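Here the sequence shown is numbered in this note's numbering, starting from 13 and rising by one per residue. Cβ coordinates follow ideal geometry from the N, Cα and C atoms, glycine included. A quick note: this is a predicted structure, and the numbers were derived from the prediction, not measured.
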Amino acid sequence: MKQKTNKHLIEGLIALVLIIGLGWLVLRSRNASAPTETTNTQNSQQPATQTPAPTNTTPATNQLASNDSVAVSTQSDNTKVVYIDNVNLSKPGFVVITTEGPDDAVKVIGTSKLITAGEKQDLQITLSNHILDSSINYSVLLYQDNGDKVFNIKTDTLLTGKNSSATFIAK
Numbered sequence: 013m014k015q016k017t018n019k020h021l022i023e024g025l026i027a028l029v030l031i032i033g034l035g036w037l038v039l040r041s042r043n044a045s046a047p048t049e050t051t052n053t054q055n056s057q058q059p060a061t062q063t064p065a066p067t068n069t070t071p072a073t074n075q076l077a078s079n080d081s082v083a084v085s086t087q088s089d090n091t092k093v094v095y096i097d098n099v100n101l102s103k104p105g106f107v108v109i110t111t112e113g114p115d116d117a118v119k120v121i122g123t124s125k126l127i128t129a130g131e132k133q134d135l136q137i138t139l140s141n142h143i144l145d146s147s148i149n150y151s152v153l154l155y156q157d158n159g160d161k162v163f164n165i166k167t168d169t170l171l172t173g174k175n176s177s178a179t180f181i182a183k
């Protein structure tokens with residue numbers, strides 16, 4: 013009788029271990045398939061937060077491919093260079109660094125050279141007549157080139173996809 017009890021106890025423990033193992037595998041596969049966002053950081057910098065896309069009442073011609081994206085980390089204070097972690101463009105365009113002026117007007121303080129379509133990493137943009145200041149919030153915007161290979165805020169198209177802009181601060 014004792015052997016039957018021991019046998020049933022062992023069978024019960026094996027069944028319990030199998031059920032726990034199966035549950036763990038199911039939970040693990042659910043977590044592995046959940047989308048996650050990663051941001052490259054350098055020197056323990058905090059990742060930048062995404063800014064909401066500007067609203068636009070014109071037809072959605074500027075909402076191009078959903079793979080247009082930009083990522084930037086916190087920058088060093090008192091420098092004239094902004095380091096862009098990565099950019100992905102569906103068509104040639106520009107990375108534009110902006111800040112708000114005293115009258116809430118957007119002020120362009122730096123632009124990249126023309127960037128070809130595709131993914132680029134570790135870009136450097138030198139600011140024109142501006143040094144990063146820890147008291148200011150900065151934005152990074154993507155523009156599609158109109159074909160002339162020169163940035164012009166009035167003629168190039170602002171991209172307004174989900175990840176086509178980001179903000180950063182200087183520390």
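Residue of the options minimising C-alpha distance to residue i
{"i": "residue 179", "options": "31, 97, 167, 21", "result": "97"}
{"i": "residue 91", "options": "146, 22, 20", "result": "146"}
{"i": "residue 181", "options": "152, 158, 86", "result": "86"}
{"i": "residue 137", "options": "149, 153, 148", "result": "153"}
{"i": "residue 151", "options": "133, 159, 95", "result": "95"}
{"i": "residue 116", "options": "149, 88, 133", "result": "149"}
{"i": "residue 177", "options": "32, 26, 84", "result": "84"}
Close beta carbons around residue i, own chain, < 7 angstroms, minus the five adjacent residues each side
{"i": "residue 156", "result": "76, 103, 105, 168, 169, 171"}
{"i": "residue 113", "result": "119"}
{"i": "residue 121", "result": "109, 110, 111, 139, 140, 142"}
{"i": "residue 161", "result": "126"}
{"i": "residue 72", "result": "Because residue 72 sits at a pLDDT of 38, beneath the cut-off of 50, its placement in the model cannot be relied upon, and the point is left open."}
Own chain, CB closer than 8 angstroms to residue i, minus 5 neighbours either side, in chain order
{"i": "residue 127", "result": "99, 101, 104, 105, 106, 107, 135"}
{"i": "residue 130", "result": "100, 101"}
{"i": "residue 89", "result": "144, 145, 146, 182, 183"}
{"i": "residue 165", "result": "108, 120, 155"}
Spatial neighbours of residue i in its chain, beta-carbon cut-off 6 angstroms, leaving aside the 5 residues before and after
{"i": "residue 175", "result": "81"}
{"i": "residue 3", "result": "Outside the displayed span of the chain (13 to 183) sits residue 3, for which this structure offers no information."}
{"i": "residue 20", "result": "none"}
{"i": "residue 132", "result": "99"}
{"i": "residue 158", "result": "167, 168"}
{"i": "residue 93", "result": "136, 138"}
Endpoints, the beta strand (DSSP E) within which residue i is located
{"i": "residue 91", "result": "No beta strand (DSSP E) contains residue 91, which DSSP labels as neither H nor E."}
{"i": "residue 151", "result": "150-156"}
{"i": "residue 84", "result": "81-84"}
{"i": "residue 135", "result": "130-138"}
{"i": "residue 176", "result": "Note, residue 176: premise wrong, no beta strand (DSSP E); not H, not E."}
{"i": "residue 113", "result": "No beta strand (DSSP E) contains residue 113, which DSSP labels as neither H nor E."}
Residue i: CB within 7 angstroms of a non-hydrogen atom of the ligand MG
{"i": "residue 20", "result": "The ligand MG is not among the ligands present in this structure, which contains no ligands whatsoever."}
Short CB-CB distance (under 8 angstroms) between residue i and chain C
{"i": "residue 137", "result": "The structure shown contains no chain C; it holds only a single protein chain."}
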